[in-house]
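As structure tokens, the structure follows; a few thoughts come after it.
Number of protein chains: 2
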Amino acid sequence: MTLLYKSLSRRVLLTSAAMKRRITTDARQILVSPPLKSIDFPDIWTSSSFPDYSFITTSYDTPQTATVIDGRAIAEEITSGITSEVRRMKNSTGNVPGLALIMVGQGRDSQTYVRKKLGACEEAGIQSKISTLPENCTEDQVLNALSCFHEDPSIHGILVQLPLPQHLDEGKILNSVHLEKDVDGFHPINMGNLAMWGREPLFLPCTPKGCIELLIRSGVEISGKKAVVIGRSNIVGLPMSLLLQRHHAIVSVVHAFTRNPEQITREADIVVAAAGVPNLVRGSWLKPGAVVLDVGTNPVKDPSCEYGHRLIGDVCYEEASRVASAITPVPGGVGPVTVAMLLLNTLESAKRAYNFT
Amino acid sequence: MTLLYKSLSRRVLLTSAAMKRRITTDARQILVSPPLKSIDFPDIWTSSSFPDYSFITTSYDTPQTATVIDGRAIAEEITSGITSEVRRMKNSTGNVPGLALIMVGQGRDSQTYVRKKLGACEEAGIQSKISTLPENCTEDQVLNALSCFHEDPSIHGILVQLPLPQHLDEGKILNSVHLEKDVDGFHPINMGNLAMWGREPLFLPCTPKGCIELLIRSGVEISGKKAVVIGRSNIVGLPMSLLLQRHHAIVSVVHAFTRNPEQITREADIVVAAAGVPNLVRGSWLKPGAVVLDVGTNPVKDPSCEYGHRLIGDVCYEEASRVASAITPVPGGVGPVTVAMLLLNTLESAKRAYNFT
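So the protein lines, in turn, are chains A and B.
Per the working numbering, the first sequence starts with residue 1, numbered consecutively.
Per the working numbering, the second sequence starts with residue 1001, numbered consecutively.
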């Protein structure tokens, strides 16, 4: 066996963790590589994940120069196209697309999102059904709800509102959504086909699909550009990075284990922030002229607001809008387009089901 | 609709292609984003993909400082562990693992690889079967061969030797390999589970799995390090980038549409070259002290060699070995470990089949 401990440069150091793995390897374990799930540490962004910002590098005297990417207006235009298509479908086949939502528990965020999705369906003429289950429901209850919707021919898309309570196996539940109704695109087959060259998933996950649409509608060239995705969740960061790669961007994914996220982000032409950390991305993280899509929706207390809180993004808008060339606001940026993409995926699924073009 | 054409910085320009898409969008096409497969341009590395190297930046007077990662020795050690496990399995259950290979046509490279794999199976005590089909065979013939091996309980792994002739639908054929025998790990479900946090594929693709093992055995820390994967094939580049991310590297994938591959690669602590372009990665592409894994095996004419050609890698070894801290040679680096991983995947599959631990 060849060991390189001594000869490695200081840049690539042997850690004590690696040593430990080596030491604890038993005779029957042929590899020293650990199983994947065993190293899926949670991404916890701590202050050590990013530099001290007690000083602010962007002067607020600088005017805001970034064009605001108006997600609401773009979503309205898309929804209007969907509404026409739903009408055409109804006139031609007598059927409309149907979306089913499964909501477990009464989380306020989930309720808000579900209400928005139901409202958008109604606006577009898409039928919707909802199954609400108590917070302490069993996995079987969720799977039963799924089964009902699988068998229901008027339902073309099924969405399980995330996050699920911890006692439920999210992976198992999402894997059980039938591929042809998986309008969220979270099934591993959809994800694999998104990742692989020459393949095409049945559904693209809604947020990344919306982000690409926002970029293209804003005239942003993706091919050959450096893109940084901040965060690597299965529902946003991962599919976003895969989709940007399919569009020929050179993508780096920044996560909580990245030692110099600011430096890496500052090289990007396109920044997608989806870490779930309010104001993580400061002005100093951005290359002048970068395009910034802010996927974060973090509630912060604000007694002056209706529900006692307001939503802010992962990007410090005040600073970023003075450095970027274009930026999505929160709210009113990525969010509305994500909902529009859910409607569109449901429409596309119904078109497939009725063989309607 | 919000358009940003005018306000975008020069860094992010609206291309004529984007304009064209916009213009040709018909009324029923709600999005301006193109379908994914339509933009899967082939990665053709041309001289414009990388700078002119008429001058060589690395002085050959500099001594070779990189430690050579001895893939053959590591593969032998792994294979020896596999052999012991196969023996233990045989003694305990009376069965040995079985691997089936499907080879279409008589490509010299394919023949060489298949011979190596069969030889390695024999050495480890793994049973192997091979189905050879003529170059002009039909898709059904390949699928029939697959079916036979699916039904054969003595076979625990099936490998379709790639590349397949152009008239065969590679995607369809690879999708038909049953998941529990997909020892190459090329099925989209395997790929999706590799990409997704908290999931684990049944099989890791052999080359990336071998590369991680080489890194860990060489004492190279992966977590938090910058890694660059050059090339984005479904069989190496893509799963390599996904696997490095699961190990918490910050990964960038360099492809033929990358305008400054040299600059991006020079930032990496770990470089995996898998573009299939001989000597693409020069000394000047590397940060001093980087660790370099060369997956390329490109035949170049050499009348002095037995078959009139010899294999060289994607990395200019002469130069890189003067800059890197560790490097795999070609041949004798990644190749042997890839074959060992195929044996290991087959063993693991057989253990699952016989419920043997």
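For glycine and all other residues, C-beta sits at the position ideal for the given N, C-alpha and C.
It should be emphasised that the depicted structure is a prediction, and the values quoted were computed from it without experimental measurement.
Close partners of A/M103 in chain B (Cβ separation under 8 angstroms) are lacking, with about 22 angstroms as the shortest Cβ gap.
Against chain B, a Cβ distance below 8 angstroms from A/R246 picks out L1036, I1039, D1040. Boundaries cannot be given for A/I155, as no alpha helix (DSSP H) includes it and DSSP labels it neither H nor E. Put simply, the segment 1120–1127 of chain B does not touch the segment 1162–1180 of chain B. Fewer than three CB pairs are less than 8 angstroms apart. Closest in alpha carbon position to B/S1033, among A/L162, A/T357, A/E319, A/L344, is A/L344. When the Cα atoms are used, A/V96 and A/L204 turn out to be separated by approximately 21 angstroms. Secondary structure of A/D314 (DSSP, three-state): coil. Secondary structure in the segment 1105–1153 of chain B: the beta strand (DSSP E) runs of 3 residues or longer, each lying completely within the stretch, are 1127–1133 in chain order.
A distance below 8 angstroms between beta-carbons, with the five flanking residues on each side excluded, links B/V1339 to the following residues of its chain, in chain order: A1075, K1116, K1117, A1120, C1206. Setting aside the 5 residues that flank it on each side, A/A249 is surrounded in the same chain by I222, S223, G224, K225, K226, A227, I270, each with a C-beta closer than 8 angstroms to its C-beta; the list follows chain order. The secondary-structure analysis by DSSP pairs A/G98 across a beta bridge with A/Q127. Burial of B/S1349 is indicated by the presence of at least 16 other C-beta atoms within 10 angstroms of its C-beta. Residues of chain A whose Cβ lies closer than 8 angstroms to the Cβ of B/G1224 are, in chain order, F257, T258, R259. Counting C-beta pairs with one atom in each stretch, the segment 126–133 of chain A and the segment 180–194 of chain A have fewer than three that are closer than 8 angstroms, which means they do not touch. Setting aside the 5 residues that flank it on each side, B/D1169 is surrounded in the same chain by E1139, each with a C-beta closer than 7 angstroms to its C-beta; the list follows chain order. B/P1063 sits exposed, since fewer than 16 C-beta atoms from the chains shown fall within 10 Å of its C-beta.
Within the same chain, and ignoring the five residues on either side of A/P201 in sequence, the residues whose Cβ sits closer than 7 angstroms to its Cβ are G185, N190, N193, L194. Taking 3 residues as the shortest admissible run, the segment 225–301 of chain A contains the following complete beta strand (DSSP E) segments, listed from N- to C-terminal end: 226–230, 250–254, 270–273, 291–294, 298–301. In this structure, A/E319 lies near A/G283, with their beta-carbon atoms less than 8 angstroms apart. In terms of beta-carbon proximity, A/V183 stays away from the interface with chain B, with every pair separated by 8 angstroms or more. Around the C-beta of B/K1090, fewer than 16 other C-beta atoms lie within 10 Å, and the residue is accordingly described as exposed. Following the DSSP letters along the chain, one finds A/G335 inside the alpha helix (DSSP H) bounded by residues 334–353.
For B/E1170, the enclosing alpha helix (DSSP H) covers residues 1170–1176.
Counting C-beta atoms within 10 angstroms of its own C-beta, B/Q1106 has fewer than 16 neighbours from the protein chains shown and is therefore classed as exposed. Annotation: B/P1331 to B/C1211 spans about 14 angstroms, alpha carbon to alpha carbon. Between the segment 310–326 of chain A and the segment 289–299 of chain A there are three or more inter-stretch CB-CB distances shorter than 8 angstroms, so the stretches are counted as touching. The straight-line gap separating the alpha-carbon atoms of A/S154 and B/I1264 is approximately 50 angstroms. Sorting A/T297, A/C316, A/Y317, A/V315 by C-alpha distance to the C-alpha of A/H309 places A/T297 at the top. Against chain A, the beta carbon of B/M1191 has neighbours under 7 angstroms at G192, A195, M196, listed in chain order.
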